[in-house]
Each structure stands twice: as structure tokens, then as C-alpha cells.
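Participant: Pasting in a structure now, in C-alpha cells, and then I'll have a few things to ask.
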Amino acid sequence: MPTTKVESIKKSLMNKIQKAEDVVFKENFTKEKYLETYYIKSISDEQVLGQYVLKPFFEIQGAELFLDYLQSHPKITAFKTEEQTVESVLRGEAVLFYQDYIFLFDCKVDHNNAVQDTTVETTIQGPQSGFSESLPTNLGLIRHRYPEATLKVESSQVGTISKTKVMLLYDTRFADMDTLGRIKEFLGNVKINMFQTGEQLLDSIKKSNRSLFPVMLVTERPDRVAINLSTGKIILLIHGSPFAVVLPTSMKDFMASMADIYQTYWVGRFLQTMRYIGLLVSIILPGLYVATTSYNPEIYRVQLALSIAGSRNLVPYPSFVEVLLMLFMMEMLTEASIRLPKAIGPTATTVGGLILGQAATEAGLVSNIMIIIVSTVAISNFVVPINAFSFSVRVVKYIVLGLATVFGLVGVVIGFLLFIAYMVKLDSFGQPFLTLIQSKPNKK
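Mapping of the sequence shown onto numbering that gives the first Met the number 0: position 403 corresponds to residue 402, and the numbering continues sequentially without gaps.
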């Protein structure tokens with residue numbers, strides 16, 4: 000291949016693959032030989048490259064002998080097309096420019112030993128690998144799942160003391176540049192001494208705009224990140240954190256689980272519908288119980304009204320006190336389950352909940368129907384797949400409960416409308432938060 004053709008291909012490759020700190024171009028030379036290597040170090044094994052290419056390059060005497068070595072090596076293949084070469088580089092292979100020849104060396108890095116299983120966003124089917132605390136490893140996991148030349152990686156530092164390294168990832172074809180500008184401006188204005196996790200960014204946003212709901216999604220799944228990149232989202236990776244931050248986000252993102260993708264179409268839609276029903280139940284059921292028992296019992300059938308009244312015969316205080324007491328105990332059990340060791344956490348909280356509910360009912364402190372209500376609310380709250388959004392929903396139900404205590408059923412309606420109005424007003428870096436239908440990004 001003529002030298003001019005090789006130079007043309009080299010420049011074309013560098014133009015097609017977005018520049019990033021993990022994209023490496025190296026020149027190696029001796030008195031007789033000259034070798035250029037081009038690869039992505041987050042998905043290419045530099046140790047293997049050094050052992051099988053660079054070490055022989057410096058040890059083998061004579062340019063023709065080294066060329067024979069390259070042509071006979073089982074992991075080294077000759078250049079075929081430019082498109083195939085770009086794809087190979089994005090899959091972890093290294094390009095070798097030697098004399099008037101171009102070779103591809105298979106040195107893909109194996110991240111399986113460096114990653115850990117997902118612990119927060121688990122799925123029955125689909126990939127089980129999650130991010131680690133190593134930034135290069137996390138970047139490699141994303142590149143493996145999103146092998147696109149248009150993936151742009153930008154690095155910066157956050158934290159006046161920690162000076163933590165962070166990376167912004169986005170697809171230049173899909174990402175909105177105005178949104179990207181807002182995110183960069185936000186990162187530049189963040190005042191944090193010790194920056195360690197993405198949750199600290201959530202806290203910074205909440206302090207600046209007093210937001211009740213999270214406007215950034217924190218995930219541990221590389222497959223979720225890859226899918227969000229293809230829809231125009233921007234990803235933030237943080238050194239030392241096994242989580243990635245997805246922004247901007249909408250309510251739909253917080254109600255979606257990766258399990259939906261790995262199920263059949265109708266099963267996935269059914270699961271999504273169940274989550275929205277669970278969200279609705281979690282928010283309005285406690286307030287609805289107080290409103291109907293204290294203000295509007297006439298909406299029940301006579302048999303049900305008598306059953307509820309009979310179960311509350313021995314309860315010495317109003318229904319809203321009963322609800323608050325049991326919700327408070329449920330919140331305590333939930334927090335305890337998080338703090339306890341994994342081996343005994345589920346058992347301790349399950350047994351504790353059963354004993355507490357049984358004892359409270361027998362003592363006449365709460366009614367039987369109240370135990371059912373609180374259990375339903377707790378289960379419905381756990382249906383929300385993203386914890387940050389689930390915690391916010393736990394707060395909203397108390398607001399609806401307070402309004403129902405004062406205004407009855409009208410208070411429940413007012414509380415729910417305020418919940419909707421607040422989300423309509425909320426935005427995530429200029430993008431509406433209450434977006435239930437995700438439009439496909441336009442290619443640029």
C-alpha cells in the first residue's frame with residue numbers, strides 16, 4: 000500500500016473516532032524500524048500489546064524480520080476496509096502502522112474479573128454486571144456496550160479539596176448541545192470540598208432549587224447507560240464511584256426498569272403499568288383511608304363501612320393518628336433493613352413487622368384494616384425501581400395525608416393535583432420532567 004494511502008487512512012481514522020484521553024496514538028522507533036500504534040486503552044489491554052507487539056519490535060533485529068513476525072502472528076490480521084477498522088478499534092483492537100502496511104492486533108481487555116454484580120438494580124434476565132470504583136474500567140464497560148465512533152468523552156475535575164476526576168460522555172449525533180452547556184455550567188459552579196459520589200450532585204441541585212424529586216438518575220448498570228446514550232442523554236462518570244449519573248431525566252426514566260427490555264413487549268408494558276398503579280396507590284391510599292373513615296364513610300357499601308367501624312372499635316384515637324403511627328413504624332423498619340447486615344436484614348425486618356403488627360392489633364392500638372393499608376403502601380412504594388424517586392414518593396404521601404386530614408376527599412384530590420402540577424413545573428437542565436413519551440433524538 001502506498002505511503003500516501005496509509006497516511007490518508009490514518010487521518011481518516013483519527014477524524015472518525017472522537018478524541019478522548021483513553022484514545023491513544025503512540026510512535027515507537029529504533030534505528031531501523033518505525034511503528035505507530037492506535038487504540039483505546041480502556042478496552043484494549045496495553046500489557047498484551049506490549050508483550051506481543053512492542054517487546055518484539057525492540058528485540059527483533061531487522062525491519063523485514065519484524066514484518067514477517069507481524070504477518071505470521073495468529074492475533075494480527077491485515078487491513079481490509081476503513082469501516083471495519085473503525086469498528087475493530089471500538090471493539091478493543093489496536094491498529095498497527097508499520098512501513099506501508101496496516102495491521103489489526105486483537106488485544107481486547109477482559110473486564111469480567113474487574114466488575115461486580117448489580118446490587119441495587121437487579122433483574123431476573125439480562126446482564127448482571129455493574130460498574131466498579133475504577134474510572135477506566137467503567138469507561139471500558141460503556142465502550143464495550145456502546146461501540147460508536149461518535150461517543151465523545153470529556154474530562155474535568157470537581158471538588159476544591161478532593162479534585163475528583165469526572166468524565167462526561169455523550170453521542171455527538173444525539174445529544175442536545177444547549178443541555179450539554181447547562182450541565183457543564185452546573186459542574187463548573189458546584190462548590191463541594193470532597194466530591195465522591197453522584198448523589199452529592201443531587202444534593203447540590205436540591206439545595207439550589209429546593210427540588211423534592213431527583214432530576215438526575217444514578218445507576219449502576221452499564222446497559223442502562225448505553226441505552227440512554229442512544230437516546231441523547233449525557234452520562235457522568237466519577238472516579239471512585241460504582242455509579243454513573245444520567246442527565247437530563249424525566250419521570251419516565253425513574254419508572255423504567257431494565258427488566259422491561261428483557262421481557263416480551265406486552266409483559267414489559269404490563270410491568271410498567273403496574274408500577275404507575277403502585278405509585279398512585281402509595282401516594283393516595285393513606286390519605287384516602289383517613290378521608291373515607293373520618294369524613295366520607297358514606298362512599299362505602301354498608302357491609303364494608305360496618306366492618307371498618309367494627310375493627311376500629313377499640314382504637315382510642317382518630318384515624319389520622321393511627322395512620323401516622325403505623326407509617327412511622329414502617330419507615331423505621333425500612334431504614335433498619337438498610338442498616339442491618341445483608342445476612343439478617345430481610346429476616347429481622349420481616350419478623351419485626353409481623354410481631355409489631357400482631358401486637359399492635361391485639362393491644363387495640365391499630366385496627367386490622369390499618370395493617371392491610373400500611374402493608375399495601377409499603378409494597379407499592381417498593382415497586383418504584385429507582386430508590387431516589389421512591390424516597391421522594393415516601394414524602395409526598397405525607398403531604399396528601401395532611402391535606403386529607405383537614406379537607407377529606409377534597410384534600411386527597413388537591414394533594415394529587417399539586418403533585419402533578421409540581422412535576423409539570425419541574426425541569427431537568429431545561430428538559431421537562433413530566434415527559435411520559437420519549438421522542439427519538441434527531442441525528443445530526
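No residue lacks a Cβ here, since even glycine has one placed at the ideal position from N, Cα and C.
Keep in mind it's a predicted model, so treat the numbers as computed, not measured.
Where DSSP assigns a beta bridge to Ser154, which residues make up the other side?
Facilitator: The partner list for Ser154 (beta bridge, DSSP) reads Met166.
Participant: Could you give the distance in angstroms between the alpha-carbon of Thr118 and the alpha-carbon of Glu63?
Facilitator: If you take the alpha carbons of Thr118 and Glu63, they lie about 53 angstroms apart.
Participant: Have a look at Ala77 and Leu66 and give me their C-alpha separation to the nearest angstrom.
Facilitator: Those two C-alpha atoms are separated by around 12 angstroms.
Participant: Helix or strand or just coil, what does DSSP make of Glu63?
Facilitator: Three-state DSSP puts Glu63 in a helix.
Participant: What residue does the beta strand (DSSP E) around Tyr38 start on, and which one ends it?
Facilitator: Here the beta strand (DSSP E) through Tyr38 covers 33–39.
Participant: Should Pro241 go down as buried or exposed, given a rule of 16 or more other Cβ atoms within 10 Å for buried?
Facilitator: It is buried - the Cβ of Pro241 has at least 16 other Cβ atoms within 10 Å.
Participant: Is it right to say Leu284 is buried, meaning 16 or more other beta carbons lie within 10 angstroms of its own, or is it exposed?
Facilitator: By the neighbour-count rule (16 or more Cβ atoms within 10 Å), Leu284 is buried.
Participant: Measure how close the beta-carbons of Leu326 and Val373 come, nearest whole angstrom, since I'm counting them as under 8 angstroms.
Facilitator: With a Cβ gap of about 6 angstroms, Leu326 and Val373 count as contacting.
Participant: In three-state DSSP terms, what is Ile276?
Facilitator: Three-state result, Ile276: helix.
Participant: Are Leu211 and Val382 close, meaning C-beta to C-beta below 9 angstroms?
Facilitator: No; because the gap between Cβ atoms is not below 9 angstroms, this pair is not in contact.
Participant: Should Asp222 be labelled buried (16 or more other beta-carbon atoms within 10 Å of its own) or exposed?
Facilitator: The residue is buried, with at least 16 neighbouring Cβ atoms inside 10 Å.
Participant: Using 8 angstroms for Cβ pairs, my map puts Leu48 next to Ala93. What's the rounded Cβ distance?
Facilitator: Between Ala93 and Leu48 the Cβ distance is about 6 angstroms, and since that is below 8 angstroms, they are a contact.
Participant: Mind checking whether Ile160 and Met193 have CB atoms under 9 angstroms apart?
Facilitator: Going by C-beta atoms, Ile160 is nearer than 9 angstroms to Met193.
Participant: Find the nearest neighbour of Asp21 within the set Leu53, Thr84, Ile123, Arg142, judged by alpha-carbon distance.
Facilitator: Of Leu53, Thr84, Ile123, Arg142, the residue nearest in Cα terms is Arg142.
Participant: With a threshold of 16 other CB atoms inside 10 Å of the CB of Met254, please say whether the residue is buried or exposed.
Facilitator: It is buried - the Cβ of Met254 has at least 16 other Cβ atoms within 10 Å.
Participant: Do the CB positions of Pro134 and Val157 come within less than 9 angstroms of each other?
Facilitator: First, the residue type needs correcting, since residue 134 is Leu and not Pro in the sequence shown. Not a contact, by the Cβ cut-off of 9 angstroms.
Participant: So does the segment 413–423 actually touch the segment 288–304, counting three or more Cβ pairs closer than 8 angstroms?
Facilitator: The answer is no - the segment 288–304 does not touch the segment 413–423, with fewer than three Cβ pairs under 8 angstroms.
Participant: Output yes or no for whether 9 angstroms exceeds the beta carbon distance between Val322 and Tyr299.
Facilitator: Cβ atoms of Val322 and Tyr299: not closer than 9 angstroms.
Participant: For the beta strand (DSSP E) that Val411 lies in, which residues bound it at each end?
Facilitator: Not the beta strand (DSSP E): Val411 falls in the alpha helix (DSSP H), residues 408–424.
Participant: With a floor of 3 residues, list each beta strand (DSSP E) that falls wholly inside the segment 78–155, ordered by position along the chain.
Facilitator: Runs of the beta strand (DSSP E) inside the segment 78–155: 93–97, 100–104.
Participant: In or out: Thr84 buried (at least 16 other Cβ within 10 Å) or exposed?
Facilitator: With 16 or more other Cβ atoms within 10 Å, it is buried.
Participant: If you compare alpha carbons, which of Phe388, Val392, Thr404 is closest to Phe319?
Facilitator: For the residues Phe388, Val392, Thr404, the minimum Cα distance to Phe319 belongs to Thr404.
Participant: For Asn27 and Glu35, what's the separation of their Cα atoms in angstroms?
Facilitator: Taking the straight line from one Cα to the other gives about 6 angstroms.
Participant: Rounded to the nearest angstrom, what separates Leu417 and Leu433 at their Cα positions?
Facilitator: Approximately 13 angstroms between the Cα atoms of the pair.
Participant: Figure out for me which residue from Val245, Gln50, Gln262 has the closest Cα to the Cα of Thr178.
Facilitator: That would be Val245, whose Cα lies nearest to the Cα of Thr178.
Participant: Taking the beta carbon of Tyr316 as the centre, do at least 16 other beta carbons fall within 10 Å, making it buried, or is it exposed?
Facilitator: So Tyr316 ends up on the exposed side.
Participant: So Gly414 packs on Val392, CB below 8 angstroms; how close in whole Å?
Facilitator: 13 angstroms between Cβ atoms; not a contact.
Participant: Measure from the alpha carbon of Ile234 to the alpha carbon of each residue in Glu184, Asp170, Ser249, Ala377, then state which is nearest.
Facilitator: With distances taken between Cα atoms, Ile234 lies closest to Asp170.
Participant: With a CB to CB cut of under 8 angstroms and the five nearest residues on each side skipped, what residues in its chain are close to Thr122?
Facilitator: Only Ser256, Met257, Ala258, Tyr261 meet the Cβ criterion.
Participant: Residue range of the alpha helix (DSSP H) that Ile337 falls in?
Facilitator: Ile337 -> alpha helix (DSSP H) spans 318–338.
Participant: For Met250, is the classification buried or exposed, using 16 other Cβ atoms within 10 angstroms of its Cβ as the cut-off for buried?
Facilitator: Label assigned to Met250: buried.
Participant: Take Lys32 and list the residues in its own chain whose beta-carbon comes closer than 7 angstroms to its own, dropping the five residues that flank it on each side.
Facilitator: Phe56, Ala62, Phe65.
Participant: Who pairs with Gln430 in a beta bridge, going by DSSP?
Facilitator: Looking at the DSSP assignment, Gln430 forms a beta bridge with Ser427.
Participant: Do you know how far the Cα of Val412 is from the Cα of Lys107?
Facilitator: Distance between the alpha carbons of Lys107 and Val412: 57 angstroms.
Participant: Quick check on this structure: which residue in Gly180, Thr218, Lys162, Tyr97 has the alpha carbon closest to the alpha carbon of Gly129?
Facilitator: Of the candidates Gly180, Thr218, Lys162, Tyr97, the one whose C-alpha sits nearest the C-alpha of Gly129 is Thr218.
Participant: For the putative contact between Gly352 and Leu332, defined by C-beta atoms under 8 angstroms, what is the C-beta separation to the nearest angstrom?
Facilitator: Confirmed, about 6 angstroms.
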